[in-house]
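A.B. asks: Here the sequence shown stands for residues 90 to 356, numbered as in our numbering.
Note that CB positions come from ideal geometry on N, CA and C, so glycine has one too.
Predicted, not measured: the structure shown is a model, and the values here were computed from it.
The structure follows.
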Amino acid sequence: TVVNDAGRPKVQVEYKGETKSFYPEEISSMVLTKMKEIAEAYLGKTVTNAVVTVPAYFNDSQRQATKDAGTIAGLNVLRIINEPTAAAIAYGLDKKVGAERNVLIFDLGGGTFDVSILTIEDGIFEVKSTAGDTHLGGEDFDNRMVNHFIAEFKRKHKKDITENKRAVRRLRTACERAKRTLSSSTQASIEIDSLYEGIDFYTSITRARFEELNADLFRGTLDPVEKALRDAKLDKSQIHDIVLVGGSTRIPKIQKLLQDFFNGKEL
90 TVVNDAGRPK VQVEYKGETK SFYPEEISSM VLTKMKEIAE AYLGKTVTNA VVTVPAYFND
150 SQRQATKDAG TIAGLNVLRI INEPTAAAIA YGLDKKVGAE RNVLIFDLGG GTFDVSILTI
210 EDGIFEVKST AGDTHLGGED FDNRMVNHFI AEFKRKHKKD ITENKRAVRR LRTACERAKR
270 TLSSSTQASI EIDSLYEGID FYTSITRARF EELNADLFRG TLDPVEKALR DAKLDKSQIH
330 DIVLVGGSTR IPKIQKLLQD FFNGKEL
């Protein structure tokens, strides 16, 4: 739960039977500390300097808080840059010479969705517009599949597994795995031994059914794209590059919707 501490939000959690509360910067610093450890394990040496990315819509105080989180995590934050800018740099779009380019970044992750339009000229980036949905992502697609299978279990076995948190958790894990499989295959199977009251749950789902279950959510990702274009005062034909970011952009249907919207443009 979020609590008010003299006008500042704190996150209150139960941890090992104790109630603790943390500022957002403290939570963020825990994530950065973990990232620092992952980077150090991979590189085999100490990491101190870092460039940290934030959503393009972050205001100055949110950016400062992110910088503070880095400091708490023992990092020397060289600079804070916008996530869509970082994505464009990762694709080398800042190295393309010539006239000004309009770039659309489509970032669909596990829980959030961001669309940004940037212009790049001579390696200089300018954010023209941002849009999105702070509560849309892979988890929502998982939920649709989970509910589909809960209903199937009810039909087959006349039992409601929602009464058992662990059963739902096991089903969710299996659905998340099936979703990933459906990005490369047209069918995925789910096999969970003794899911509920000793009943094994063996079933499958096709890519087409998964797309049906999420049809409105998938289609809805185009609304922020249209809004970002409107705010940037650009027509879709004026976008030079489209960059896909985030695990959920691997879903073929999402790629197809986006490609069709941009009249068959390469992603």
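Along the chain, which unbroken stretches of the beta strand (DSSP E) at least 3 residues long are found entirely within the stretch 250 to 325?
C.D. replies: The qualifying runs are 276 to 285, 288 to 295.
A.B. asks: Would you mind stating whether Leu182 and Ile213 have Cβ atoms separated by less than 8 Å?
C.D. replies: Result no, Cβ atoms of Leu182 and Ile213 do not sit closer than 8 Å.
A.B. asks: What are the start and end residues of the alpha helix (DSSP H) that includes Tyr131?
C.D. replies: Where Tyr131 is concerned, the enclosing alpha helix (DSSP H) stretches over 113 to 132.
A.B. asks: Considering only the beta carbon of each residue, do Leu197 and Thr338 sit closer than 8 Å?
C.D. replies: Cβ atoms of Leu197 and Thr338: closer than 8 Å.
A.B. asks: Taking the alpha helix (DSSP H) that Ala177 belongs to, which residues open and close that run?
C.D. replies: Residues 172 to 179.
A.B. asks: Three-state secondary structure (DSSP) at Thr219?
C.D. replies: It is a strand residue.
A.B. asks: Taking the beta carbon of Asn303 as the centre, do at least 16 other beta carbons fall within 10 Å, making it buried, or is it exposed?
C.D. replies: Flag for Asn303 reads buried.
A.B. asks: State the DSSP-derived secondary structure class of Val186, mapped to helix, strand or coil.
C.D. replies: Reduced to three states, the DSSP call for Val186 is coil.
A.B. asks: Give the straight-line distance between the Cα atoms of Ile250 and Arg298, rounded to the nearest whole angstrom.
C.D. replies: The alpha-carbon atoms of Ile250 and Arg298 are separated by roughly 22 Å.
A.B. asks: Return the residue from the list Leu284, Thr223, Ala188, Val216 that minimises the CA-CA distance to Phe202.
C.D. replies: If we check each option's Cα against that of Phe202, Thr223 comes out closest.
A.B. asks: Which complete alpha helix (DSSP H) runs does the stretch 202 to 246 hold, if anything under 4 residues is left out?
C.D. replies: Taking only runs of at least 4 residues, the alpha helix (DSSP H) segments lying wholly in the stretch 202 to 246 are 227 to 246.
A.B. asks: Who are the near neighbours of Arg296 in its chain, counting only those whose CB is closer than 6 Å to its CB and skipping five residues on each side?
C.D. replies: Closer than 6 Å at Cβ, skipping near neighbours: Leu271, Thr275.
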